[in-house]
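Accompanying notes for the structure given below.
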Amino acid sequence: MYAVVLVGWAATGTAVPLSAHAYQPAAFQLTQAALAVLAAGVCAAADRARKARSASAVDGTPKCRSAVGASLALLIPAFGWGAIGLPMHFVTLASGSGVESATGLVHLLLNTCGGGLLAMVAVAHRRGLRGRCARCGQGHEGRSDGPLAHPPASTASARTRVTAYALVCGLLPWTVVKTVWLFGGDAIGVSGKAWRDDVEAEATGASRALASVGVDVTVLAALLGVFLLAGLMHRWGQVFPRWTPLLAGRRVPRLLPLIPAWLTGGALSVYGAGLLVYALLSALGVVPGLDPVGVFTTTGGMTWMVAFGGLSFGGLGTALLVASRSYAARSRPVCAGAHR
């Protein structure tokens, strides 16, 4: 489906944004379509390798296994890069600002789904190479298509909780600066009046309503991320708590918190790391200094804001990855009827 959509866009000359001021050329779209066809072939090869292992066949399988593993290692980043903009699209939609580019959003969702499905294939393939069940990851004999046994709800280790909450403290500089501006104060060379007149005045929908009471929409989105982070590390993230009507006491579907945590955490951690590195190189003079734009009046203020963004996005994203790793391990079900 991905290949068909990309070929259709290339044939009709559909504009798909590549960056803020550039669009994808047809050759780039056709290259992505070819990679999608290659990915389908790799998945088919992974399935054949799995069946060969099940039949205890060894002829020709080692080379096939290596080729599948190497191909997946290259293809997952090729599709996964598109998911980096997913949190930004979510904030834009939640604030009522609308969609800047429908084709851009569709392309992002296709990349995200493609990268996610390939990651699932890679996990199953890796488990098979280790002689483990591709479904539950455990070493056992017998069928792997019966009911699953879910572990009881548990809390993340103290080490995981301390690490995640320390990382999420990176949100503080960004949150403090934005809140100071919304209440009319001055910070890092930007006056609160200029921020409200030039930036918040252009906001629409929920974003403008929140700004009127001193709440920045990006700060609110970050708080939703912190709520997700807390759920990943505590028991109520595995069993619905009493304050959830109709669902209290039921088991939380495992992928319900994991999918947004993986997508958001992966995108934010990469984006935040890039901002931090650029701000550091700019401050050291390795790359040209950031020219002040908009309400920013000094290069220093612009650099600090980029660094605050890196700390905020990178800290929250990495914290979500740390917490989701713990949650995935604590909530992983096993094949109930298999012999260990």
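Sequence positions in the sequence shown follow mature numbering (1 follows the signal peptide of the UniProt record, and there is no 0) and run -22 to -1, 1 to 318. Note that the Cβ used here is the ideal one computed from N, Cα and C, for glycine as well.
Residue environment for F274: buried (at least 16 other C-beta atoms within 10 angstroms of its C-beta).
Taking a C-beta distance under 8 Å as the contact criterion, A56 and L13 qualify as a contact pair. Among the bridge pairs identified by DSSP, S44 is matched with none.
Shortest Cα-Cα distance from L207 to any of I54, R220 and R303 involves R303. Only buried fits C21, as 16 or more other CB atoms lie within 10 angstroms of its CB.
In the DSSP assignment, L(-5) falls outside any alpha helix (DSSP H) and lies within the beta strand (DSSP E) extending over P(-6) to S(-4). With a cut-off of 8 Å on Cβ pairs, the segment 109 to 118 is not in contact with the segment 282 to 298, counting fewer than three such pairs. When the five nearest sequence neighbours on each side are left out, the beta carbons in the same chain lying within less than 6 Å of the beta carbon of F291 are those of L246, Y249 and G250, in order along the chain.
Minimum Cα-Cα distance from R213 among the listed residues L259, S260, T(-9) and R308 corresponds to R308. DSSP, read as helix, strand or coil, puts A(-1) in strand. In this model, G163 and G170 are separated by some 5 Å (Cα to Cα). At a Cβ-Cβ threshold of 8 Å, L64 and T81 do not count as neighbours. Below 8 Å, enough C-beta pairs join the segment 134 to 143 and the segment 294 to 302 to call them touching: three or more. Taken atom to atom, the span from the alpha-carbon of A239 to that of M98 is near 16 Å. Cβ contact annotation for V158 (same chain, cutoff 8 Å, sequence separation greater than five): D164, A165 and G170, in chain order.
Straight-line measurement puts the Cα of L87 at about 10 Å from the Cα of G58. Measuring C-alpha to C-alpha distances from G203 to each of G263, G293, L253 and G167 identifies G293 as the nearest.
The Cβ atoms of A314 and P125 sit closer than 8 Å to each other. Residue pairing by DSSP leaves R137 without any beta bridge partner.
For F205, the enclosing alpha helix (DSSP H) starts and ends at V195 to M211.
Across the set A23, A30 and H67, the C-alpha of A23 shows the shortest separation from the C-alpha of L50. Taking all protein chains in view, the Cβ of P266 is surrounded by fewer than 16 other Cβ atoms within 10 Å, so the residue is classified as exposed. Taking C-beta separations shorter than 8 Å and ignoring five residues to either side along the sequence, the partners of R26 in its chain run C42, following chain order. Under the three-state reduction of DSSP output, L126 falls in the strand class. Residue pairing from DSSP leaves A245 without any beta-bridge partner.
Of the candidates A306, V46 and T277, V46 places its Cα closest to the Cα of L107. L241 is positioned such that its CB atom lies no closer than 8 Å to that of Y305.
Rounded to the nearest whole angstrom, the C-alpha separation of L268 and L258 is 11 Å. Taking the Cβ atoms as the reference, G279 lies roughly 6 Å from V168, within the contact range of under 8 Å.
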